[in-house]
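Asker: Here it is: the structure, laid out below.
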Amino acid sequence: MKLLTVSVLLCAMMALIIAAEGGKEAKAQEEHLVEKRYWYKYRGWTRYGNRHYRYFPYRLDWAHAQRHCQSMHANLASVRNLREYRVIQRVIYRATHSYPITWLGGSDAQKEHHWFWIDGTPFKFTYWCRGEPNNYWHREHCMHMNWSGHKCMNDIFCHYRYPYVCVWKRR
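Note that the sequence shown covers residues -19 to -1, 1 to 152 in mature numbering (1 follows the signal peptide of the UniProt record, and there is no 0).
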């Protein structure tokens, strides 16, 4: 009888060990799939802090560029400081080997001279070119970067078509 009890206990322990290892293996596979999905989702995006940036060479007007960013749960890029501005420039340079004029998410279309970032980031940093924003003909309501030899920000007509940078914030 003791031999039978020991055999049953031994079999039960083996079954528990095998089940536990199978669970670990399944969990490892699941984590690998999550990492893989994460990698595919962010493929082509550059991470800086909790933000991911991506340059798109398609020439769209400001509103259509923003709409394309939103289709990826992102927005046209906002800029919080000079370091971040330089990060965005590097993203553009890596994609183009130059510094083309590129849309950012700044606008004063809602109220003249009251600039805001489309993603709600507080509008505290700017890198305006000298004499900008000048609101030429009272119709320049959108922001682009890499203007002139100084590679600074400029206000421009929103219907112009430029490439753009989207930003996705990780929560």
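All C-beta atoms in this analysis are idealised placements derived from N, C-alpha and C, irrespective of residue type, glycine included.
Looking at Lys82: is its Cβ nearer than 8 angstroms to the Cβ of Tyr143?
Answerer: For the purposes of this step, residue 82 is taken as the residue at position 101 of the sequence shown. For the purposes of this step, residue 143 is taken as the residue at position 162 of the sequence shown. Sequence inspection shows Ile at residue 82; the Lys mentioned does not correspond to that position. Yes, the pair counts as a contact, with Cβ atoms nearer than the cut-off.
Asker: Buried or exposed, going by whether 16 or more other CB atoms sit within 10 Å of the CB of Pro103?
Answerer: Position 122 of the sequence shown, counted from the first residue, corresponds to residue 103. By the 10 Å Cβ count, Pro103 comes out exposed.
Asker: Have a look at the DSSP bridge pairing and note the partners of Thr83.
Answerer: Taking the sequence shown and counting its residues from 1, the one referred to as residue 83 is at position 102. The partner list for Thr83 (beta bridge, DSSP) reads Met126.
Asker: Using the C-alpha atoms, what's the distance from His125 back to Cys133?
Answerer: Here residue 133 refers to the residue found at position 152 of the sequence shown. Here residue 125 refers to the residue found at position 144 of the sequence shown. If you take the alpha carbons of Cys133 and His125, they lie about 8 angstroms apart.
Asker: Please return the same chain residues whose Cβ sits closer than 7 angstroms to the Cβ of Glu65, not counting the five positions on each side in sequence.
Answerer: Taking the sequence shown and counting its residues from 1, the one referred to as residue 65 is at position 84. Within the same chain, Glu65 has close Cβ partners Tyr29.
Asker: In this structure, does DSSP put Thr77 in helix, strand or coil?
Answerer: Counted from its first residue, the sequence shown places residue 77 at position 96. Residue state, collapsed to three classes: helix.
Asker: How would you write the range of the beta strand (DSSP E) that His33 sits in, first residue to last?
Answerer: Taking the sequence shown and counting its residues from 1, the one referred to as residue 33 is at position 52. Segment 32 to 41, the beta strand (DSSP E) holding His33.
Asker: Rounded to whole angstroms, what is the Cα-Cα separation between His45 and Gly86?
Answerer: For this step, residue 45 is matched to residue 64 along the sequence shown. For this step, residue 86 is matched to residue 105 along the sequence shown. So the two alpha carbons sit approximately 12 angstroms from each other.
Asker: At the level of alpha carbons, what is the spacing between Asp151 and Ser129?
Answerer: Translated into the one-based positions of the sequence shown, residue 151 becomes position 170. Translated into the one-based positions of the sequence shown, residue 129 becomes position 148. Just to set this straight, residue 151 is Arg in the shown sequence, not Asp. Answer to the nearest angstrom: the Cα atoms are 32 angstroms apart.
Asker: Given a cut-off of 8 angstroms, decide if Tyr36 and Val72 are closer than it, judged by their beta-carbon atoms.
Answerer: Here residue 72 is taken as the residue at index 91 of the sequence shown, counted from 1. Here residue 36 is taken as the residue at index 55 of the sequence shown, counted from 1. Yes, the pair counts as a contact, with Cβ atoms nearer than the cut-off.
Asker: Which residues in the same chain as Pro38 place their Cβ atom closer than 6 angstroms to its Cβ, once the five residues preceding and following it in sequence are excluded?
Answerer: For this step, residue 38 is matched to residue 57 along the sequence shown. Result list for Pro38: Pro144, in chain order.
Asker: Check each candidate in Trp149, Ala58, Ala90 and name the one with the smallest Cα separation from Glu121.
Answerer: For the purposes of this step, residue 121 is taken as residue 140 along the sequence shown, with counting starting at 1. Comparing Cα positions, the closest option is Ala90.
Asker: Given a cut-off of 8 angstroms, decide if Ala55 and Trp118 are closer than it, judged by their beta-carbon atoms.
Answerer: Along the sequence shown, one-based indexing puts residue 118 at 137. Along the sequence shown, one-based indexing puts residue 55 at 74. Against a cut-off of 8 angstroms, the Cβ pair of Ala55 and Trp118 comes out as no contact.
Asker: So who's on the other strand from Val148, going by DSSP bridges?
Answerer: Taking the sequence shown and counting its residues from 1, one reaches residue 148 at position 167. For Val148, which the question treats as bridged, DSSP gives the partners Tyr34, Asn56.
Asker: Taking the straight line between their C-alpha atoms, what separation do you get for Val146 and Asn115?
Answerer: In the sequence shown, counting from the first residue as 1, residue 146 sits at position 165. In the sequence shown, counting from the first residue as 1, residue 115 sits at position 134. Between Val146 and Asn115, the C-alpha separation is close to 23 angstroms.
Asker: Use the C-beta contact count for Arg111: other C-beta atoms within 10 angstroms, 16 or more gives buried, fewer gives exposed.
Answerer: The sequence position of residue 111 within the sequence shown is 130, counting from 1. So Arg111 counts as exposed.
Asker: For the beta strand (DSSP E) that contains Arg28, what are its first and last residues?
Answerer: In the sequence shown, the residue the question calls residue 28 occupies position 47. From DSSP, the beta strand (DSSP E) with Arg28 extends over 27 to 29.
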